[in-house]
Amino acid sequence: MVTGMFFEDNNDHSISSEDEETLVRSCSSLSVSFGYHCNSYQSFPLENDEHETSHQMRFETNDLMKSRNGSFTCLSGAAISANFTLANTNICNGLIGEEILPELDSPNSFRKIVSSPSMSRLDLLSTSQGSPSSTDSPIFEISKNIWRSSAPTIVSSNFLTGTEVKMAGGAAGEDRVQAVCSEKNGWLICGIYDGFNGRDAADFLAVTLYDNIVYYLYLLECRIKQQYGIYNSPEDSLNGVKSELTLAMRIAENEDVKLSESFRAGVLNCLTSAVEQAENDFLCMVEHDMDDRPDLVSVGSCVLVVLLQGTDLCILNLGDSRAVLASMPYAKMDTVKAIQLTEIHSLENPSEYEKLLADHPNESRVVTGDKVKGKLKVTRAFGVGYLKQKKFNDALMGILRVRNLCSPPYVYTNPHTLSHKVTENDLFVVLGSDGLFDFFSNDEVVQLVYQFIHDSPFGDPAKYLIEQVVHKAAKQAALTAEQLMRIPVGSRRKYHDDVTVVVIILGNARRTVSASASI
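Numbered as in UniProt numbering, the sequence shown ends at 519 without a single skipped number.
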């Protein structure tokens with residue numbers, strides 16, 4: 001056990017007593033604020049335990065790190081709005097906004113998943129709307145028919161709808177966040193969808209992407225079981241097996257390194273396939289509705305998805321949201337290291353800028369006003385059809401239409417994926433939309449969280465980061481936090497973006513925490 005680990009932070013992140021009460025008030029009414037504390041760690045001191053000092057951060061590495069229940073100990077999520085956006089998701093005849101999202105959203109606590117309401121409903125609707133925008137992908141060839149035939153089996157899966165599978169999430173401005181966890185099976189899926197030009201794309205991802213991920217993981221597991229002949233009975237076949245991803249994970253862990261690496265690569269392919277499927281479905285919906293809502297062709301979202309199971313951390317991102325790992329090598333116990341696990345897909349990334357120019361060698365105005373075709377800073381994103389296909393751009397009129405759309409696409413959908421094997425040095429992972437990193441570097445974010453957990457072992461690190469953003473944004477604008485929080489959303493976008501944060505304390509970083517009363 002290691003206690004009393006301090007580090008030097010030369011940046012002034014303190015909040016004055018005058019602002020502290022304002023931040024507490026403002027952040028108590030955040031758009032999203034949820035937490036989860038694994039029951040496996042209830043034997044540790046609780047919040048009122050007098051023997052646990054506020055200046056101790058407890059890390060203990062042991063065999064639990066390698067067990068299925070040791071993937072994470074706790075997590076917290078928080079989000080605050082800056083953009084004004086109407087909850088006007090009326091694609092699919094209003095099915096998403098009026099029926100499905102209210103069943104999925106749980107912005108203040110985790111609740112059990114009773115069923116999978118989204119994909120089966122949307123599937124029936126989308127098939128009546130014609131073919132998707134692009135049928136070139138082999139993913140689309142597989143998806144719809146197989147999903148319909150196998151959905152009843154998948155819905156019975158522990159991975160999707162087990163009695164202890166829980167979900168939390170909601171919206172803040174144009175951002176959306178989701179977290180789905182199974183403490184029993186030791187896995188967690190988190191997603192941050194940073195929407196732009198409206199929230200429709202982020203809403204669509206919130207409704208469909210998790211189901212897509214589960215579906216492709218199901219196919220992966222079935223292939224593994226078929227390959228290794230792992231069936232408990234003659235009835236337990238490819239179409240009849242009750243899927244449980246953790247079984248396949250254990251197969252990978254118990255076999256040789258080559259198989260383990262192959263399985264992790266398969267999981268990353270599943271994440272990619274899930275996003276591509278969602279993209280095809282979304283653009284299909286946009287094409288169907290764009291005569292009534294031409295603005296949908298410009299709606300898009302960044303995507304950040306993390307799947308954690310045991311010591312395997314799989315990540316996918318499109319756009320400029322980030323996942324940052326905090327690691328502390330035993331050789332340097334006084335130093336917390338920030339490791340960015342995602343790529344930044346924007347014109348601020350020189351490699352992305354150069355790739356965009358290289359892909360359009362005969363165009364002189366690919367980048368205008370530091371934006372792709374004068375419209376967008378990100379170079380990879382979900383949706384935003386008018387920068388990908390000419391027919392979507394043609395749906396716009398006047399100044400909204402992109403001039404000289406000579407050789408689309410200008411924004412890409414191929415994601416960055418990464419698999420990381422969690423070690424005893426890894427403490428926690430911070431997921432954040434770009435609004436967080438407008439104010440803090442990776443190192444600053446990691447140090448802020450580390451110091452906060454160090455000083456407040458029962459506190460909520462995600463909410464704390466939001467408080468720090470409010471404080472710094474107010475300071476830069478020569479305002480008090482109270483003055484800033486009085487500015488209505490929409491106008492407040494001048495001072496900060498929508499900000500969404502999830503902090504995951506990893507399984508080897510055993511820490512007592514009670515992030516909120518809802519845990």
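Here a beta-carbon is modelled for each residue, glycine too, at the ideal position from N, C-alpha and C. Since this is a predicted model, take the numbers as computed values, not measurements.
Distance between Leu387 and Tyr193 (C-alpha atoms, nearest Å): As a position in the sequence shown, residue 193 is number 193, starting the count at 1. As a position in the sequence shown, residue 387 is number 387, starting the count at 1. Going from the Cα of Tyr193 to the Cα of Leu387 covers about 19 Å.
For Ser128, I'd like the list of residues in its chain whose CB is within less than 7 Å of its CB, leaving aside the five on either flank, ordered along the chain. In the sequence shown, the residue the question calls residue 128 occupies position 128. Here the model assigns Ser128 a pLDDT of 34, short of 50, so the residue's position is not dependable, and the following value carries that caveat. Contacts found: none.
Just curious, the alpha helix (DSSP H) that Tyr193 is in, first and last residue? Within the sequence shown, the letter at position 193 stands for residue 193. From DSSP, Tyr193 is part of no alpha helix (DSSP H) but of the beta strand (DSSP E) over 187–196.
Contact set for Met290: own chain, Cβ-Cβ below 6 Å, skip 5 residues either direction: Translated into the one-based positions of the sequence shown, residue 290 becomes position 290. Here the set comprises Leu296, Val297, Ala395.
When the Cα atoms are used, what is the spatial distance from Leu506 to Leu313? Here residue 506 refers to the residue found at position 506 when the sequence shown is read from its first residue. Here residue 313 refers to the residue found at position 313 when the sequence shown is read from its first residue. Their Cα atoms are separated by approximately 10 Å.
For Leu271 and Leu307, believed in contact at Cβ under 8 Å, the rounded distance: The count along the sequence shown starts at 1 and reaches residue 307 at position 307. The count along the sequence shown starts at 1 and reaches residue 271 at position 271. Rounded, the Cβ-Cβ distance is 7 Å, consistent with contact.
Given Leu268, which residues of its chain have a CB within under 8 Å of its CB, disregarding the five upstream and five downstream residues? Taking the sequence shown and counting its residues from 1, the one referred to as residue 268 is at position 268. Taken in chain order, the residues that qualify are Cys314, Leu316, Thr417, Leu418, Ser419.
Our contact map puts Gly319 next to His345 with C-beta atoms below 8 Å; I'd like the distance itself, whole angstroms only. Along the sequence shown, read from residue 1 onward, the residue named residue 319 stands at position 319. Along the sequence shown, read from residue 1 onward, the residue named residue 345 stands at position 345. Indeed they touch by this definition, with Cβ atoms about 5 Å apart.
Between Ala478, Val499, Tyr450, which has its C-alpha nearest Asp334's C-alpha? On the sequence shown, residue 334 is found 334 positions in, with the first residue counted as 1. Looking at the Cα atoms, Tyr450 is the closest of the given residues.
Does the distance between the C-beta of Leu271 and the nearest non-hydrogen atom of the ligand MN fall short of 8 Å? Within the structure as shown, the ligand MN is missing, as the structure has no ligands at all.
Does the region 432–442 come within contact of the region 362–370, defined as at least 3 CB pairs closer than 8 Å? no
Assign Leu325 to one of three DSSP states: helix, strand, or coil. What you label residue 325 is simply residue 325 of the sequence shown in a count that begins at 1. The answer is strand: DSSP assigns Leu325 an E or B state.
Can you tell me where the beta strand (DSSP E) with Leu506 in it begins and where it stops? The count along the sequence shown starts at 1 and reaches residue 506 at position 506. Unbroken beta strand (DSSP E) run through Leu506: 499–506.
Spell out a yes or no on whether the region 195–204 and the region 320–327 are touching, meaning 3 or more CB-CB pairs, one atom from each, closer than 8 Å. no
For the beta strand (DSSP E) containing Gly35, name the first residue and the last one. Position 35 of the sequence shown, counting from 1, holds the residue named residue 35. Unbroken beta strand (DSSP E) run through Gly35: 32–37.
Between Val445, Asp370, Ala274, Gln309, which lies nearest to Ser260 when the distance is taken from Cα to Cα? Looking up residue 260 in the sequence shown gives position 260. The option with the nearest alpha carbon to Ser260 is Gln309.
Option in Gly383, Glu343, Cys222 with minimal Cα separation from Val299: Along the sequence shown, read from residue 1 onward, the residue named residue 299 stands at position 299. Selected option, being the one with the closest Cα: Gly383.
Start and end of the beta strand (DSSP E) containing Phe72? The residue given as residue 72 occupies position 72 in the sequence shown. Where Phe72 is concerned, the enclosing beta strand (DSSP E) stretches over 72–80.
Proximal residues to Ser81 (C-beta, below 7 Å), its chain only, five neighbours per side dropped: Numbered from 1 along the sequence shown, position 81 holds the residue referred to as residue 81. The answer, listed in chain order, is Ser31, Ala172, Gly173, Val489, Asp498.
My assumption, with CB atoms under 8 Å, is that Ala179 sits in contact with Cys302. Please give the rounded CB distance. Sequence index remark: in the sequence shown, residue 179 carries index 179 (1-based). Sequence index remark: in the sequence shown, residue 302 carries index 302 (1-based). Not a contact, Cβ separation roughly 17 Å.
Within the same chain, show all residues whose beta-carbon is closer than 7 Å to that of Phe452, passing over the 5 residues directly before and after it, in chain order. For the purposes of this step, residue 452 is identified with residue 452 of the sequence shown, where counting begins at 1. Closer than 7 Å at the Cβ level, and outside the excluded window around Phe452, lie Gly459, Pro461, Tyr464.
Would Val502 and Val177 qualify as a contact pair, given that the criterion is a beta-carbon distance under 9 Å? In the sequence shown, counting from the first residue as 1, residue 502 sits at position 502. In the sequence shown, counting from the first residue as 1, residue 177 sits at position 177. The answer is yes: Cβ separation under 9 Å.
Which residues bound the alpha helix (DSSP H) around Ser182? Here the question's residue 182 lines up with position 182 in the sequence shown. Taken as a continuous stretch (DSSP letters only), Ser182 belongs to no alpha helix (DSSP H), being part of the beta strand (DSSP E) at 175–182.
Opening and closing residue of the beta strand (DSSP E) in which Asn317 lies: Along the sequence shown, one-based indexing puts residue 317 at 317. That run of the beta strand (DSSP E) goes 312–318.
Contacting residues, own chain, Cβ-Cβ under 8 Å from Phe278 (five flanking each side not counted): Numbered from its first residue, the sequence shown carries residue 278 at position 278. One point to set straight first is that residue 278 is Ala, not Phe, in the sequence displayed. Phe204, Leu205, Thr208, Leu209, Asn212, Phe382.
C-alpha distance - Tyr412 paired with Leu357, whole-angstrom precision: For the purposes of this step, residue 412 is taken as the residue at position 412 of the sequence shown. For the purposes of this step, residue 357 is taken as the residue at position 357 of the sequence shown. C-alpha separation (whole angstroms): 13 Å.
Please state whether DSSP places Arg111 in a helix, a strand or coil. Translated into the one-based positions of the sequence shown, residue 111 becomes position 111. If DSSP states are grouped into helix, strand and coil, Arg111 belongs with the strands.
Do you know whose CA, among Val429, Ser262, Gly170, lies nearest Arg223's CA? Taking the sequence shown and counting its residues from 1, the one referred to as residue 223 is at position 223. Considering only alpha carbons, the answer is Ser262.
Run of the beta strand (DSSP E) containing His420, from where it starts to where it stops: Here residue 420 refers to the residue found at position 420 of the sequence shown. Segment 416–421, the beta strand (DSSP E) holding His420.
With DSSP as the reference, label residue 527 as helix, strand or coil. Since the first residue of the chain shown is 1 and the last is 519, residue 527 is not available in this structure.
Tell me the residue span of the beta strand (DSSP E) that contains Val305. Against the sequence shown, residue 305 aligns to sequence position 305. Run containing Val305: 300–309, per the beta strand (DSSP E) assignment.
Using a Cβ-Cβ cutoff of less than 6 Å, which residues in the same chain neighbour Ser233 once the five nearest sequence positions on both sides are dropped? For this step, residue 233 is matched to residue 233 along the sequence shown. Unreliable placement is indicated for Ser233, whose pLDDT of 45 sits below 50; no coordinate value is reported for it.
Inter-residue Cα distance where the pair is Val378 and Phe196: As a position in the sequence shown, residue 378 is number 378, starting the count at 1. As a position in the sequence shown, residue 196 is number 196, starting the count at 1. Their backbone Cα atoms lie some 10 Å apart in a straight line.
Is it buried or exposed, Phe84, if we count other Cβ atoms within 10 angstroms and call 16 or more buried? Mapped onto the sequence shown, residue 84 falls at position 84. With fewer than 16 Cβ atoms within 10 Å of its Cβ, Phe84 is classed as exposed.
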